[in-house]
Every structure is written in C-alpha cells, then in structure tokens.
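Numbering (the numbering used here), first residue to last: 49 to 654. Glycine residues also receive a C-beta, built at the ideal position from the N, C-alpha and C atoms. The block underneath contains the structure these notes are about, expressed in structure tokens.
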Amino acid sequence: MCGIVGLVGEIVVSDLIEGLEKLEYRGYDSAGVAFLRDSSLCVEKNKGRVASLKEKLSELLNERITLGIAHTRWATHGEPNDINAHPHTDCQSKLCVVHNGIIENFKELKKRLEEVGHRFGSDTDTEVIPHLIEEYYTTDLVEAVRKAVKLLEGSFAIAVIHVDHPDIIVGTRKGSPLILTVGNGVAGIASDVTPLLKYSKDMVFLEDGDIFCVSKGGFEVFDVVGRKKERKPTHIDWTYETAQKSGYKHYMLKEIFEEPSCVAATLSGRIKSAKVHLPEIEELQDLLASSKTLKVVACGTSSYAALSFKYFLENLSDVCVDVEVSSEFRYKRPNFDENTVLVAVSQSGETADTLESVRLAKSKGAKVLAITNVVGSTLMRESDHTLLLNAGPEISVAATKSYVTQLVLLYLLGLKIVELRDQWNERCTKLIDSLLRLPEVLDATLSRTEHIKEVALKYKDFQHFMYIGRGLGYPTALEGALKLKEISYIHATAYPAGELKHGPIALLGPEFPVFAIAPFDALYAKMKNNMIECKARKAKLVVLTSDDCEDVREIADDVLSVNSFSEQLYPVLMAPVIQLFAYYIADALGHDPDKPKNLAKSVTVE
Ligand code: G6P
49 MCGIVGLVGE
59 IVVSDLIEGL
69 EKLEYRGYDS
79 AGVAFLRDSS
89 LCVEKNKGRV
99 ASLKEKLSEL
109 LNERITLGIA
119 HTRWATHGEP
129 NDINAHPHTD
139 CQSKLCVVHN
149 GIIENFKELK
159 KRLEEVGHRF
169 GSDTDTEVIP
179 HLIEEYYTTD
189 LVEAVRKAVK
199 LLEGSFAIAV
209 IHVDHPDIIV
219 GTRKGSPLIL
229 TVGNGVAGIA
239 SDVTPLLKYS
249 KDMVFLEDGD
259 IFCVSKGGFE
269 VFDVVGRKKE
279 RKPTHIDWTY
289 ETAQKSGYKH
299 YMLKEIFEEP
309 SCVAATLSGR
319 IKSAKVHLPE
329 IEELQDLLAS
339 SKTLKVVACG
349 TSSYAALSFK
359 YFLENLSDVC
369 VDVEVSSEFR
379 YKRPNFDENT
389 VLVAVSQSGE
399 TADTLESVRL
409 AKSKGAKVLA
419 ITNVVGSTLM
429 RESDHTLLLN
439 AGPEISVAAT
449 KSYVTQLVLL
459 YLLGLKIVEL
469 RDQWNERCTK
479 LIDSLLRLPE
489 VLDATLSRTE
499 HIKEVALKYK
509 DFQHFMYIGR
519 GLGYPTALEG
529 ALKLKEISYI
539 HATAYPAGEL
549 KHGPIALLGP
559 EFPVFAIAPF
569 DALYAKMKNN
579 MIECKARKAK
589 LVVLTSDDCE
599 DVREIADDVL
609 SVNSFSEQLY
619 PVLMAPVIQL
629 FAYYIADALG
639 HDPDKPKNLA
649 KSVTVE
C-alpha cells in the first residue's frame, strides 16, 4: 500500500513534500517526486522516509513549479530501494507515473513490452504502466492512459504527468482510493483527503474505472470507453489543522487526547428524547427488528470494537451477534441470505478483506451497513447504508480515536436494535444518560496520564506481556495486547481470564507480567481469583480497574484506574489507558508509534 499526491497550479516543490508527509502512514519505505522544471522532467527518489527526500531536495523546496506528482511507498513488488521507489518513467523520460496498488498481470505485460523494445530499470509491477502509456501515446495523454488502463489487471490508483502537457495530471483508479479537488489556483489528487484540505474542502471521490484529467481550472472524468462522466464533489468538514500534530510529540498522542471531543462528535444529533436517532438506517429497521442473527466483519482493532458490540448487544437483547475477522469470513461458505444484515466495521473503509466480505454478502442479497470514518471511502460507496464515526482524520497507524468512536457508534446501534425489538428497559435509559456523559468522563481518564506514563515506564524492559479480561474486559484485553505489540514490539498476548489455566498460565513468572482488565463489575470476583493465580506464579500484575474497587491494591503491583461508571461503558473509558500505556513504552524504547515497522494504516491488498 502506498500514498500518492499530485498538484497542479501555483505551487512550490515543498507543497508536494508536505502532501506526502500527510500520507506517510500508508507506507514509508521509500519516497519520490517528479515535477516539470524548465520544460524538463525532474525526478528525485530514495529509499527511506519522506524526511530524507526532503533533505535531498532542500535547495529546491521553494522552487516555483506548475505541476508535480509524489509517492510514499510500502513495497509489494521489488525490495525497497532507490530504483524501485516511484515515480517511474518511460524509455524517453517524457512521462512519469505514481501508483498505489498491485498490477497482477505485470509479468505478461513486461514481456510483451520488452519484445517491442521497451527497457525496464526496476523490479516493480508499476513500471509497466509508463511503458504501456508510452506505447499508446501520440498526442493525447488521456487517450493513451485510457488504452493502457484497459490492459491492467489488479488494483490501482495512478497519476501521470507528461512533458508535453505542462498543465494537466491524468490518471485513474480501480480498487485503490483516489480523491480529487479543485481549489483556488491549485488542483490536486491524493490517496486521502488530508493533503488536499489546504486547497479546498470540496472533494470528488473518484470511482472504479474513472479516468480523470485535472488542471488548475477544473477537471473531467471519463469511463474506459471515453464517455464523459459526471462526478459531484462532497463537502468535507475536516479542517487542515485537524490533520496536524498541534504541538504533540506524535499523532498517536494527539489522537488519544482528541477522544473526548471525537466521542462528542459521534454522539452529536444521535440522541433525542433519551432514544437513539439514526435516520441513516431507517430502511433496515424491519430486518434489524426481526433477524435472529446479525453478522459483523472487521479487521484488527475494528474487530475488537466489533467483539465488544457482541457482548454489549447480546447482553441487552435476544439477537445473536456473529463477529468474524474479514479475512476468514470472505473465504467461508456464505450461510446467509437476503434477510441478513452484515455490519462492516472499518475506520478507513478501504481494508481489502472487509471490502471482499461486503461484496460476498451483497452477492447473496444481504444488506450491508458500513461503520466507517471516511466519507466517500470504497466501503461507504459499496454498502447499502453507512454510519459515520465523525472522528476526523486519524493519521497514526495505531488506531486510537477511531476505536473509541467505533465503540460508541456500535453501542448506539445496539441500543437502536434493542428499541426496534421492543426490548428497551430501564438499563437502556441509564445507558443513554451515561453515553451523553462520556466526553466528560473520558477527560477524567486523560487527566491521569502522568500516572499511566509512570507505570508504563516501569514495564518497558519486559519482553512479554499477558493481557487478561472477562466479559467486556476480554475485547479490551485483546486490544491492549495488540496496541502494545504493534507499536512497542514487545510480545503481548491476550486471553479470556478463565482460559489461563488451560495453558497460558504455564508461561507466567517473574519475567512475564500480566495486565488485567478488572473493573469492579459483575465479573470482578472471578477476575480476582485469576489475578491471585497469576501472583502465585510470581508474575508482576498491573490491574486496570475502576475507582470503586477497594481491595485490588492488596494483590496488584500497580493499579491504573478509571472513574466508576456504567459497566458496559468501561471499554470506552479504559481505551485511552491501554493506548497510553503502549504509547509511553514505545516512545521510551525509541520507536516511532505513528509508523510502526512492517505495518500500514489501511491494508488495501490481501
Ligand atoms: C491495519 C491497521 C489497524 C487497523 C486495521 C483495520 O492493520 O494498522 O490499526 O485496525 O488495519 O483497519 P480498518 O481501516 O479496516 O479499520
């Protein structure tokens, strides 16, 4: 997966670099730019991060140019090195291409192109694209791109510039996101909206098969046979500032601290007269009221939010919630039909396995409800209905505010389902009241950051961690372990506490600490027994509990605590604690939590 950006109009070289910095979460093993200067093509690229490219270009950063394209790469074909970095050029170095995705038939195409005299320099699948366009080019760049695209198999978002056309960027997309905007004096394309917010807030979300041509004054979109297509912009409320670090050391920290305001935005307008108001799903009401089962698919952190939803809703209603990771769901025999609702949870709305699960479900007639943060994402466009998180852009690879807002939105959905099934009771009314208080109570959790940091630093040198929990504490344990391993590279595993004695307890000892999610809830007594078992193995014990739990200090080595609150909402209140715990360990170990090694924010390939 990679990030691409292209700008045309009144720009300087550093505008392209700034755009890339916003997209680095999509890949950061190499980076490159191409722009036109004195009617010739200037290409700079290197292995490593955007920062080293910026350094290489330091003399040129303020240079005025009229157009350029740029790329930050996460290697799939060809190791990350200077040569394989994008952009890639044709034989005559007249045109340049950046690409996100995979060209599956590149070997056949490369062979054919070599047979007719094209010379290749890299090991990438991408390089066939500029050569194919060169093959078809006479004078019309759009036409050449259109003909080349017909031969490409796989997924791609592509942007092309040509020395003969100093004022246009041409490109296309299929399966990989691409957004276009025309602002005041500058037009642009990018893999997500963040590099473009500076120029305009009206974004065109290109669709699969669209071939675009953008200049500073406007844009045109065609289909693969050359017919003009109408594409309307969508207005985005995100501001350029929300995509900045705003003084925080890392985006991850900033995004954790945004959680109270993001939750307020997720709740906004969705609770009226103590009931949940979700007009987006009106057409699903009959199905949600009657289906015995609800299917949910997601990956990574989103799948743990989905698992919390299962515990939450099954506890309040008679509906059975089937949660599966998308990479398993999509390859199974589909045992559902047009009476099924599939809820697809994905922050980015671009995760390949989740999208394939949605396509499978739709092919069987199921109705798909998307829970996503990204307006115009592929998931949103392919689903029948969408509920938006409204969490603003999440830049850090590690999901934080999107997880918290997913929990809140899924809980709202759960309460709506309970109401539709006539199972509403006093507990639900209390939950509504608690949901409304969440922003303020989350603030209280964040006010304990110094203590969380202090405890985290005591554990930074351990090689292993065991997270345990019961009930709603279990998905929180899973997410806690995921956060720790993905950003600090400490081995962390999670189990339902009751499973400890079926194997994992054999691992415990002074070198293998335990992180217990143990709020003072209905399952606390059981959790206490498990924690005592861990201590009996001489394991260090960190307990994340609630303020009303009085006896935990007798067994714990360290206690982290949140306000006493509605039991079902502890996953939300405890999320910042597990996130900050992982963050401070990663930072103390010298790792960049925003860009963990080998990981990317959205996994758009299988
Ligand atoms: C990647 C990210 C995770 C994220 C997962 C699912 O693995 O690193 O943070 O939870 O993808 O992403 P989605 O956008 O579908 O929620």
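At what residue ranges does the stretch 538-608 contain a whole run of the alpha helix (DSSP H), taking only runs of 4 or more?
572-584
Does the ligand G6P have even one heavy atom less than 8 angstroms from the beta-carbon of valine 393?
For the purposes of this step, residue 393 is taken as residue 345 along the sequence shown, with counting starting at 1. Yes - the ligand G6P has a heavy atom lying nearer than 8 angstroms to the Cβ of valine 393.
Taking three-plus beta-carbon pairs below 8 angstroms as touching, is the stretch 485-501 in contact with the stretch 389-398?
no
Going by beta-carbon coordinates alone, are arginine 469 and leucine 332 separated by less than 9 angstroms?
As a first step, residue 469 is located in the sequence shown; it is residue number 421 there, counting from the start. As a first step, residue 332 is located in the sequence shown; it is residue number 284 there, counting from the start. Result no, Cβ atoms of arginine 469 and leucine 332 do not sit closer than 9 angstroms.
Classify glycine 551: buried if its beta carbon has 16 or more other beta carbons within 10 angstroms, exposed otherwise.
Start at 1 with the first residue of the sequence shown, and residue 551 comes out as number 503. Burial call: exposed.
What residue range is occupied by the uninterrupted alpha helix (DSSP H) comprising valine 176?
Residue numbering aside, residue 176 sits at position 128 when the sequence shown is read from its first letter. Segment 176-184, the alpha helix (DSSP H) holding valine 176.
Would the beta-carbon of threonine 402 be found less than 8 angstroms away from any heavy atom of the ligand G6P?
The residue given as residue 402 occupies position 354 in the sequence shown. Result yes, Cβ under 8 angstroms from the ligand G6P.
Tell me which same chain residues have a C-beta within less than 7 angstroms of the C-beta of leucine 361, skipping the five on either side of it?
One-based indexing of the sequence shown puts residue 361 at position 313. The residues are Val367, Val369, Gly462, Ile465.
Reference valine 56, options Gly317, Ser356, Ile113, Phe377, closest by Cα
Counting from 1 along the sequence shown, the entry for residue 56 is found at position 8. Of the listed residues, the one whose Cα sits closest to valine 56 is Ile113.
Taking 7 angstroms as the limit between beta carbons, can you name the residues of its chain near lysine 158, skipping five residues before and five after?
Looking up residue 158 in the sequence shown gives position 110. Answer for lysine 158: Phe168, Val176, listed in chain order.
Outcome for aspartate 63 when other beta-carbon atoms lying within 10 angstroms are tallied against a minimum of 16
Here residue 63 is taken as the residue at index 15 of the sequence shown, counted from 1. Under this definition aspartate 63 is a buried residue.
Just the Cα atoms here: how many angstroms apart are proline 544 and arginine 518?
Within the sequence shown, residue 544 is the residue found at index 496, counting from 1. Within the sequence shown, residue 518 is the residue found at index 470, counting from 1. Near 6 angstroms, if we compare the C-alpha coordinates of arginine 518 and proline 544.
Note down, in chain order, each residue of its chain lying with its Cβ closer than 7 angstroms to the Cβ of threonine 172, except the 5 sequence neighbours on either side.
Residue numbering aside, residue 172 sits at position 124 when the sequence shown is read from its first letter. Same-chain partners within the cutoff: His125, Gly126, Asn132, His136.
Three or more C-beta pairs closer than 8 angstroms, one from the stretch 558-566 and one from the stretch 584-597: is that the case here?
yes
Inter-residue Cα distance where the pair is alanine 238 and phenylalanine 510:
For this step, residue 238 is matched to residue 190 along the sequence shown. For this step, residue 510 is matched to residue 462 along the sequence shown. Those two C-alpha atoms are separated by around 41 angstroms.
Judging by CA-CA distance, which residue of His283, Gly348, Leu555 is the nearest neighbour of valine 423?
On the sequence shown, position 375 is the one that residue 423 refers to. It is His283 whose Cα lies nearest to the Cα of valine 423.
Proximal residues to leucine 115 (C-beta, below 7 angstroms), its chain only, five neighbours per side dropped
Within the sequence shown, numbered from 1, the residue matching residue 115 stands at position 67. The residues are Leu55, Val56, Phe83, Leu84, Ile209, Pro214, Asp215, Ile217.
Tell me which residues share the same chain as leucine 435 and place their Cβ nearer than 6 angstroms to its Cβ, disregarding the 5 neighbours each side in the sequence.
The sequence position of residue 435 within the sequence shown is 387, counting from 1. Hits under 6 angstroms: Glu328, Ile419, Leu457.
Can you find at least 3 beta carbon pairs, one from the stretch 191-203 and one from the stretch 238-252, that sit closer than 8 angstroms?
no
Quick one: grab the DSSP three-state call for serine 106.
Here the question's residue 106 lines up with position 58 in the sequence shown. Reduced to three states, the DSSP call for serine 106 is coil.
Among the residues of its own chain, which have a CB less than 6 angstroms from the CB of serine 612, if the five just before and after it don't count?
To locate residue 612, count along the sequence shown from 1; it is residue 564. Around serine 612: Ser594, Asp595, Asp596.
Pair within 9 angstroms by beta-carbon distance, phenylalanine 267 and valine 252
One-based indexing of the sequence shown puts residue 267 at position 219. One-based indexing of the sequence shown puts residue 252 at position 204. Against a cut-off of 9 angstroms, the Cβ pair of valine 252 and phenylalanine 267 comes out as a contact.
Identify whether glutamate 303 lies in helix, strand or coil by the three-state DSSP scheme.
Counting from one through the sequence shown, the residue named residue 303 turns up at place 255. Three-state DSSP puts glutamate 303 in a helix.
Beta-carbon spacing of isoleucine 633, serine 482 below 9 angstroms:
The residue labelled residue 633 in the question sits at position 585 within the sequence shown. The residue labelled residue 482 in the question sits at position 434 within the sequence shown. In this structure, serine 482 does not lie closer than 9 angstroms to isoleucine 633 by Cβ.
For valine 6 and lysine 583, I'd like the C-alpha separation in whole angstroms.
Summary: the structure shown does not reach residue 6, with the chain confined to residues 49 through 654, and so no result is reported for it.
If you measure between the beta carbons of proline 523 and valine 311, is that distance less than 9 angstroms?
On the sequence shown, residue 523 is found 475 positions in, with the first residue counted as 1. On the sequence shown, residue 311 is found 263 positions in, with the first residue counted as 1. No, the Cβ-Cβ distance between proline 523 and valine 311 is not below 9 angstroms.
Given a cut-off of 9 angstroms, decide if isoleucine 52 and histidine 134 are closer than it, judged by their beta-carbon atoms.
If you number the sequence shown from 1, residue 134 lands on position 86. If you number the sequence shown from 1, residue 52 lands on position 4. Yes, these two residues count as a Cβ contact at 9 angstroms.
Put lysine 95 into one of helix, strand or coil per three-state DSSP.
Counting from one through the sequence shown, the residue named residue 95 turns up at place 47. Three-state result, lysine 95: strand.
Taking just the CA atoms, how far does glutamate 107 sit from glutamine 454?
As a first step, residue 454 is located in the sequence shown; it is residue number 406 there, counting from the start. As a first step, residue 107 is located in the sequence shown; it is residue number 59 there, counting from the start. If you take the alpha carbons of glutamine 454 and glutamate 107, they lie about 44 angstroms apart.
What runs of the alpha helix (DSSP H), each 4 residues or longer, lie entirely inside the stretch 382-426?
400-411
Between the beta-carbon of serine 444 and the beta-carbon of lysine 649, is there less than 9 angstroms?
Residue numbering aside, residue 444 sits at position 396 when the sequence shown is read from its first letter. Residue numbering aside, residue 649 sits at position 601 when the sequence shown is read from its first letter. Yes, Cβ-Cβ distance for serine 444 and lysine 649 is below 9 angstroms.
Alpha-carbon spacing of leucine 161 relative to valine 272, whole angstroms:
Within the sequence shown, numbered from 1, the residue matching residue 161 stands at position 113. Within the sequence shown, numbered from 1, the residue matching residue 272 stands at position 224. Each residue's alpha carbon lies about 21 angstroms from the other.
Could you check the C-alpha separation between alanine 542 and glycine 557 for me, to the nearest Å?
Translated into the one-based positions of the sequence shown, residue 542 becomes position 494. Translated into the one-based positions of the sequence shown, residue 557 becomes position 509. Each residue's alpha carbon lies about 16 angstroms from the other.
So what does DSSP say about serine 431, is it helix, strand or coil?
Walking along the sequence shown from the start, residue 431 turns up at place 383. Correct three-state label for serine 431: coil.
Based on the DSSP output, what are the partners of cysteine 144 in its beta bridges?
Stepping through the sequence shown from its first residue, residue 144 is reached at position 96. Looking at the DSSP assignment, cysteine 144 forms a beta bridge with Thr137, Ile209.
Output the distance between the C-alpha atoms of valine 211 and tyrosine 296, rounded to the nearest integer angstrom.
Position 163 of the sequence shown, counting from 1, holds the residue named residue 211. Position 248 of the sequence shown, counting from 1, holds the residue named residue 296. Each residue's alpha carbon lies about 41 angstroms from the other.
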